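Okay, so here's the structure we're looking at.
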Amino acid sequence: NAGVMQNPRHLVRRRGQEARLRCSPMKGHSHVYWYRQLPEEGLKFMVYLQKENIIDESGMPKERFSAEFPKEGPSILRIQQVVRGDSAAYFCASSLGQGNTEAFFGQGTRLTVV
Amino acid sequence: RKEVEQDPGPFNVPEGATVAFNCTYSNSASQSFFWYRQDCRKEPKLLMSVYSSGNEDGRFTAQLNRASQYISLLIRDSKLSDSATYLCVVANTGGFKTIFGAGTRLFVKA
C-alpha cells in the first residue's frame, strides 16, 4: 500500500507563473489536508477536502490559491501568479476518518519562486 | 489564543536526560490527540497517539489532561537520534480539522 504521494518533490517557478502541486492520498483515504511550512516555522493548515468537496479552507489565502480533490485523480493545490513569499514546503496529508484518526503525510513539495 | 500552543524551545539536553514537552489546546470539544515527529526538511510522522488513560511506548510517555486541556510528552534516556521537532496535534471531529502545533525543537547532545 503506497503512502501519500506528492509531486513534484521540487518545483521552481518564476514570479508570475502558476504552480500546480499534486497529492495522491493513501489507498482508501478520502480526506486530504494541505499544509504550508515556511523555513524554520511550523505547519500551517491551509485546506481540508473530501472527494469533490472543500470542507474547510479557512487557512487558504483569499487570492491566487485554490484547491480541488476531484472524484478521479489526485488533489491539486494551485497557486496562480506566484510571488517570492510563496516559497515554502507544501505538505499533503490524508486520513481515513473525519479528523479522529491519524494523518499520514507525503514527502512534500518544495516550491521555490525566483 | 492559538488553537494549539507549544513551547517552541529549543530544548538542549545531554544524552540520557529526561525531557518533557507540554501542549495546550483551546477547543474543549477536541476528540483526538497525537504527537508527531518531524526531522529537518522531512515530512511529519506519527510518534504516538494520546489517550485519556495515558500511554507509553518504550522511552516515550504521553498523557492527556482534558480538564486543563493539555497534553504532554515525556522522553526518558534521551538519544542523539531523538533530536527533531515534536508536533502536538489535535483533531476535532466536529470541525473536521486536524490542527498542528508549531512544534518544539529538541537537540540532544553527546
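For the record, the sequence lines run as chains H and P. Converting from the first sequence to the working numbering requires adding 70 to each position, the first position being numbered 1. Converting from the second sequence to the working numbering requires adding 754 to each position, the first position being numbered 1. Glycine included, C-beta positions come from ideal geometry on N, C-alpha and C. Since we're looking at a predicted model, the values are computed, not measured.
Does residue i come within less than 8 angstroms of chain H when only Cβ atoms are used?
i, result
"ALA816/P", "no"
"PHE788/P", "yes"
"ILE853/P", "yes"
"GLY868/P", "The question about residue 868/P has no answer, for chain P in this structure spans 755 to 864."
"LEU828/P", "no"
"LEU800/P", "yes"
By the DSSP assignment, the beta strand (DSSP E) with residue i in it spans what residues?
i, result
"ASP836/P", "Where ASP836/P is concerned, there is no enclosing beta strand (DSSP E), given that its DSSP letter is neither H nor E."
"ALA783/P", "No beta strand (DSSP E) holds ALA783/P; DSSP gives it neither H nor E."
"PHE814/P", "814-819"
"PHE135/H", "135-138"
"GLN76/H", "75-77"
"TYR805/P", "Neither: TYR805/P is in no beta strand (DSSP E) and is coded neither H nor E."
"MET116/H", "113-120"
"GLU142/H", "From DSSP, GLU142/H is part of no beta strand (DSSP E); its letter is neither H nor E."
"GLN107/H", "101-107"
"PRO768/P", "765-768"
"ALA159/H", "158-165"
Tell me, please, whether the CB atom of residue i is closer than 8 angstroms to any CB atom in chain P?
i, result
"GLY155/H", "no"
"GLN151/H", "no"
"GLN87/H", "no"
"LEU113/H", "yes"
"ALA72/H", "no"
"TYR160/H", "no"
"PHE139/H", "no"
"GLY98/H", "no"
"GLU172/H", "yes"
"LEU119/H", "no"
Decide if residue i is buried, meaning its Cβ has at least 16 other Cβ atoms within 10 Å, or exposed.
i, result
"ASP41/H", "What is shown of chain H runs 71 to 184, which leaves residue 41/H out entirely."
"TYR105/H", "buried"
"ASN766/P", "exposed"
"GLU111/H", "exposed"
"GLY86/H", "exposed"
"TYR118/H", "buried"
"GLY849/P", "Because GLY849/P sits at a pLDDT of 44, beneath the cut-off of 50, its placement in the model cannot be relied upon, and the point is left open."
"ASP836/P", "buried"
"ALA72/H", "exposed"
"THR852/P", "buried"
"SER165/H", "buried"
"SER784/P", "buried"
"ASN846/P", "buried"
"GLN151/H", "exposed"
"GLY857/P", "buried"
What I want to know is whether the C-beta of residue i ends up closer than 7 angstroms to one or more non-hydrogen atoms of the ligand SAM.
i, result
"ARG820/P", "In the structure shown, the ligand SAM is absent, as is every other ligand, since no ligand is present at all."
Give the interface partners of residue i over in chain A, defined as CB-CB distance under 7 angstroms, in chain order.
i, result
"GLU797/P", "Protein chains in the displayed structure are H and P, and chain A is not among them."
Stretch pair the region 827-836 of chain P + the region 80-94 of chain H: three plus CB contacts closer than 8 angstroms: no
Count Cβ pairs between the region 174-184 of chain H and the region 796-807 of chain P that sit closer than 8 angstroms; are there 3 or more? yes
Using a Cβ distance threshold of 8 angstroms, determine whether the region 802-816 of chain P contacts the region 783-792 of chain P, with at least three qualifying pairs required. yes
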